[in-house]
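Enquirer: In the UniProt record's numbering, the protein residues as written are 1 to 415. For each residue, glycine too, the CB sits at the ideal point set by N, CA and C. Quick caveat, the model's predicted, so the values are computed rather than measured. Pasting a structure here, questions to come.
Rendered as structure tokens:
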């Protein structure tokens with residue numbers, strides 16, 4: 001936990017500006033919204049690749065052609081995460097032109113290594129293997145062009161020339177093939193992480209379903225018990241009342257015991273029903289307050305173990321707040337983190353900001369997954385959090401801000 005200035009309720013910081021990560025069209029090859037770090041890294045690498053491309057380019061080429069090739073490489077590198085379709089078009093144009101005009105420097109092929117890495121880590125199997133095929137073709141053609149620089153093409157059938165071709169091909173392909181292998185490793189690592197997160201989510205849902213089933217079974221048992229008590233008591237009361245009515249004229253003295261039995265049965269039934277209602281209320285509170293057996297640190301540890309990355313910032317002392325407020329904050333945090341686990345991007349950290357002042361401000365910010373849509377915005381979780389805040393005397397706002405989902409609760413310090 002760190003002490004830092006927190007934005008006031010409703011304030012939108014530069015990190016949460018709308019439109020971050022939004023693009024002018026939906027690229028069919030883009031599987032996830034790129035992060036700011038990825039976009040910055042792509043831009044830096046694109047500038048470096050463009051500069052090196054210009055410096056090592058063929059001096060005999062026209063300046064405009066060299067500039068055009070470098071521009072194609074820069075665009076291909078800069079858009080590999082943001083607009084991968086454009087990146088593919090530009091890198092194909094760059095490599096095709098380089099191989100066509102020759103002679104080819106093997107260093108120029110190395111510039112496409114980051115792009116090869118991106119596509120070999122793609123979720124589509126076809127795209128991953130297409131990337132390997134493209135690397136193979138480019139390596140063979142590039143090796144052929146490099147071999148022309150060190151050997152007489154007309155005698156290519158001789159052993160030294162074949163050796164030159166093989167060595168040139170290996171020299172050209174070593175970096176792109178290494179990039180493809182690294183991308184495949186990243187894909188398998190991401191797949192394993194996603195499987196772990198999915199398993200954690202499934203286990204959480206299973207535990208919740210088991211708890212809900214046990215809770216519903218207990219309620220059903222209480223309902224049956226109440227029915228049995230009420231039915232038995234009413235049967236006794238009706239029988240005693242009918243007997244007293246029939247005995248009213250013939251034996252007035254027998255009415256008093258019957259009325260006493262009716263009263264005793266009614267009181268006994270009332271006590272039993274109250275006991276059942278107390279069981280029901282206690283069961284509901286036990287079910288509803290399960291999380292109260294955990295403090296905030298245990299809650300965060302449990303969510304981290306489920307796969308969430310959490311960045312937690314606190315200002316002030318939670319001990320100054322009333323139990324009702326701390327209770328509501330813990331409930332809201334649990335629900336917001338559960339929504340982040342179910343609908344958020346597991347690669348990004350969930351930001352929690354708490355200010356224990358008057359009023360208490362709690363903000364939970366998570367980057368939404370590409371497939372989540374408006375998930376989490378109008379479901380029972382948000383309704384539950386809003387009701388928690390209202391019962392504690394505060395308010396809650398849950399909305400999408402750019403590519404993030406922001407939950408902000410404002411509660412009184414003491415109530």
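Can you find the residues in the same chain that come closer than 8 Å, C-beta to C-beta, to residue 392, ignoring five residues on each side of it along the sequence?
Expert: Here residue 392 corresponds to residue number 392 of the chain shown, with the count starting at 1. The residues are 324, 325, 327, 328, 411, 412 and 415.
Enquirer: Which term fits residue 343, buried or exposed, when burial requires 16 or more other beta carbons within 10 angstroms of its beta carbon?
Expert: To locate residue 343, count along the chain shown from 1; it is residue 343. With 16 or more Cβ atoms within 10 Å of its Cβ, residue 343 is classed as buried.
Enquirer: Look at the alpha carbon of residue 399 and the alpha carbon of residue 33, and state the distance between them as a whole number of angstroms.
Expert: The count along the chain shown starts at 1 and reaches residue 399 at position 399. The count along the chain shown starts at 1 and reaches residue 33 at position 33. If you take the alpha carbons of residue 399 and residue 33, they lie about 19 Å apart.
Enquirer: Is residue 315 helix, strand or coil by DSSP?
Expert: Working through the chain shown from its first residue, we reach residue 315 at position 315. In the structure shown, residue 315 sits in a strand (DSSP, three-state: E or B).
Enquirer: CA-CA distance, residue 339 and residue 381?
Expert: Position 339 of the chain shown, counting from 1, holds the residue named residue 339. Position 381 of the chain shown, counting from 1, holds the residue named residue 381. For residue 339 and residue 381, the distance between alpha carbons rounds to 8 Å.
Enquirer: Measuring alpha carbon to alpha carbon, tell me which of 317, 258, 319 and 362 ends up nearest residue 334.
Expert: For the purposes of this step, residue 334 is taken as residue 334 along the chain shown, with counting starting at 1. Of 317, 258, 319 and 362, the residue nearest in Cα terms is 362.
Enquirer: Determine the closest residue to residue 341 out of 115, 77, 369 and 272, with distance taken between C-alpha atoms.
Expert: Stepping through the chain shown from its first residue, residue 341 is reached at position 341. Among 115, 77, 369 and 272, the Cα nearest to that of residue 341 belongs to 369.
Enquirer: Cβ atoms of residue 247 and residue 237: under 8 Å apart, would you say?
Expert: Numbered from 1 along the chain shown, position 237 holds the residue referred to as residue 237. Numbered from 1 along the chain shown, position 247 holds the residue referred to as residue 247. No, Cβ-Cβ distance for residue 237 and residue 247 is not below 8 Å.
Enquirer: Using the Cα positions of residue 115 and residue 76, report the straight-line distance between them to the nearest angstrom.
Expert: As a first step, residue 115 must be located in the chain shown, where it is residue number 115. As a first step, residue 76 must be located in the chain shown, where it is residue number 76. Computed Cα separation, rounded: 8 Å.
Enquirer: Can you tell me the Cβ-Cβ gap for residue 314 and residue 354, rounded? I've got them flagged as a contact below 8 Å.
Expert: For the purposes of this step, residue 314 is taken as the residue at position 314 of the chain shown. For the purposes of this step, residue 354 is taken as the residue at position 354 of the chain shown. Contact flag correct, Cβ pair sits at about 5 Å.
Enquirer: On a Cα-Cα basis, can you pick out the residue from 135, 205, 82 and 366 that is closest to residue 36?
Expert: For the purposes of this step, residue 36 is taken as the residue at position 36 of the chain shown. Of the candidates 135, 205, 82 and 366, the one whose C-alpha sits nearest the C-alpha of residue 36 is 82.
Enquirer: In angstroms with no decimal places, state the Cα-to-Cα distance between residue 417 and residue 78.
Expert: Outside the shown range of the chain (1 to 415) lies residue 417, about which nothing can therefore be said.
Enquirer: Would you give the residue range spanned by the beta strand (DSSP E) that residue 353 belongs to?
Expert: Along the chain shown, read from residue 1 onward, the residue named residue 353 stands at position 353. From DSSP, the beta strand (DSSP E) with residue 353 extends over 350-356.
Enquirer: Starting from the Cα of residue 112, find the closest Cα among 100, 134 and 123 and give me that residue.
Expert: As a working mapping, residue 112 is identified with position 112 in the chain shown. Minimum Cα distance to residue 112 is reached at 134.
Enquirer: Going by the beta-carbon positions, is the gap between residue 183 and residue 121 smaller than 8 Å?
Expert: Translated into positions along the chain shown, residue 183 becomes position 183. Translated into positions along the chain shown, residue 121 becomes position 121. It is a contact, given that the beta carbons lie within the stated cut-off.
Enquirer: Enumerate in chain order the residues of its own chain whose CB-to-CB distance from residue 291 is below 8 Å, with the five nearest sequence positions on each side excluded.
Expert: In the chain shown, counting from the first residue as 1, residue 291 sits at position 291. At residue 291 the pLDDT is 45, less than 50, meaning the model places this residue with poor confidence and gives no usable figure here.
Enquirer: Where residue 288 and residue 405 are concerned, what is the direct C-alpha to C-alpha distance, given to the nearest angstrom?
Expert: Within the chain shown, numbered from 1, the residue matching residue 288 stands at position 288. Within the chain shown, numbered from 1, the residue matching residue 405 stands at position 405. No answer about residue 288 holds up, because its pLDDT of 48 lies below 50 and its placement is not dependable.
Enquirer: What residue from 42, 40 and 89 has the CA that sits closest to residue 27's CA?
Expert: Within the chain shown, numbered from 1, the residue matching residue 27 stands at position 27. Minimum Cα distance to residue 27 is reached at 89.
Enquirer: Distance, Cα to Cα, residue 216 vs residue 230?
Expert: Walking along the chain shown from the start, residue 216 turns up at place 216. Walking along the chain shown from the start, residue 230 turns up at place 230. Straight-line Cα distance between these residues: approximately 21 Å.
Enquirer: Compare the beta carbon distance of residue 360 and residue 389 with 8 Å and say whether it is the shorter of the two.
Expert: Position 360 of the chain shown, counted from the first residue, corresponds to residue 360. Position 389 of the chain shown, counted from the first residue, corresponds to residue 389. No.
Enquirer: Under the DSSP definition of a beta bridge, which residues are partnered with residue 409?
Expert: Within the chain shown, the letter at position 409 stands for residue 409. In the DSSP output, where bridge partners are listed per residue, residue 409 has 362 and 396.
Enquirer: Residue 331 lies in the alpha helix (DSSP H); which residues open and close that run?
Expert: For this step, residue 331 is matched to residue 331 along the chain shown. That run of the alpha helix (DSSP H) goes 323-343.
Enquirer: Taking only the alpha-carbon atoms, compute the straight-line gap between residue 101 and residue 119 and give it to the nearest angstrom.
Expert: As a first step, residue 101 must be located in the chain shown, where it is residue number 101. As a first step, residue 119 must be located in the chain shown, where it is residue number 119. When rounded, the distance between both Cα atoms is 26 Å.
Enquirer: Here's the rule: buried if 16 or more other CB atoms are within 10 angstroms of the residue's CB, otherwise exposed. What is residue 42?
Expert: Within the chain shown, numbered from 1, the residue matching residue 42 stands at position 42. It is buried - the Cβ of residue 42 has at least 16 other Cβ atoms within 10 Å.
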